[in-house]
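Residue numbers (the UniProt record's numbering): 1 to 246.
Backbone N, C-alpha and C fix where the C-beta goes; we use that ideal spot for every residue, glycine too.
Written below as structure tokens is the structure these notes are about.
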Amino acid sequence: MSAPVSSSLRIGAFSRQVGISAAVLRAWETRYGLFNPRRTSGGFRLYGPEEERRVRRMRALLGRGMAAAESARVVLAEEDESHGRPALAEAWRTLDADGAQVALDALLGGPEPEVVVARQILPLLAELPPERRHFAQRMVEARLSARGATWHEGTGPLALAGCGPGEHDTIELLVLVLALRRRGWRVVYLGADTAVEVFASIAAALVPARIVVGFRDPTRARTFTGPFEATIVCGDPLAAAQSLAA
């Protein structure tokens, strides 16, 4: 991609500047609503720095193997929800539980809360002091877990998912579970710090299509072993869900 766009350009010039064909840019606009460019008095679209920023983000997500439609949803969700982050951060830093719940209501009220958590809230949690992070994580985990009453229902393939032994941070795995549900999977969720024996016993009874063992700690992820074939997840939960469901 060339130097940043510093002024408004018509689609041909903008296409050359960002290295994406005009046809693709139009498709992103009409199919996914990725752009809402200003128009000249003659009706020509004008693209500027904001449109360029969205193109950059789209390219980054596509480069990680995410589908175009999902990439566009992520880009737009990041923007739609970003205004709520300062209020949430301040509430967590001041231990204002009521304020944090109000901010979470706003952030998680959209159609894809798992995307908001992965792209907005997890980075925010990483910026908090450790003692505030513990307070905040439990709040987010409670929000996501509350959605789990029907995760086992449906007719799609079944995943057995739990955090591995010693892993108590569940947010990333909950994001993955929500993303799998959106793709039609059924999920039996085992929660934090799940013993190998528990995975093995339940897997023997249910015969899931996938056993998913989640970790935040990469050392635990590397050293995990069990008497069953498992998918070890440590990293981007949305990318992991897309790979599992492919």
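ask   = Helix, strand or coil: how does DSSP classify I211 here?
value = Here I211 sits in strand by DSSP.
key: Expected contact under 8 Å - CB spacing of V212 and V198 to nearest Å   = In fact, because the Cβ distance is near 14 Å, the residues do not count as touching under 8 Å.
ask   = Which partner residues of G226 appear in the DSSP bridge assignment?
value = Partner residues in a beta bridge of G226, as assigned by DSSP, do not exist.
inquiry  = My parser needs the beta strand (DSSP E) runs of 3 or more residues fully inside the UniProt domain "HTH merR-type" (8 to 77); what are they?
reply    = DSSP assignment within the UniProt domain "HTH merR-type" (8 to 77) yields no whole beta strand (DSSP E) run of 3 residues or more.
inquiry  = Quick check: what's the CA-CA separation for G33 versus R147?
reply    = Their Cα atoms are separated by approximately 28 Å.
ask   = For the beta strand (DSSP E) that R143 lies in, which residues bound it at each end?
value = Per DSSP, R143 belongs to no beta strand (DSSP E); it is in the alpha helix (DSSP H), 130 to 145.
request  = Would you grab the beta carbon distance between G214 and E172 for me? Rounded to a whole angstrom, and I think it's under 8 Å.
outcome  = Correct: roughly 6 Å between the Cβ atoms.
ask   = Is A100 closer than 8 Å to M139 when the C-beta atoms are compared?
value = Between M139 and A100, the C-beta spacing is below 8 Å.
key: Limits of the unbroken beta strand (DSSP E) element including A159   = 158 to 163 is the extent of the beta strand (DSSP E) around A159.
ask   = By Cβ distance below 7 Å, which residues in the same chain neighbour I11 in space, the five residues on each side in sequence not counted?
value = Counting only Cβ-Cβ distances below 7 Å, and skipping sequence neighbours, we find A22, L25, R45, Y47.
inquiry  = If I follow the unbroken beta strand (DSSP E) through I121, where does it start and stop?
reply    = Careful: I121 lies outside any beta strand (DSSP E) and carries neither H nor E.
inquiry  = By the DSSP assignment, the beta strand (DSSP E) with R186 in it spans what residues?
reply    = Taken as a continuous stretch (DSSP letters only), the beta strand (DSSP E) holding R186 covers 186 to 189.
ask   = When the Cα of W151 is compared with those of L124, V175, Q120, A91, which residue comes out closest?
value = Looking at the Cα atoms, V175 is the closest of the given residues.
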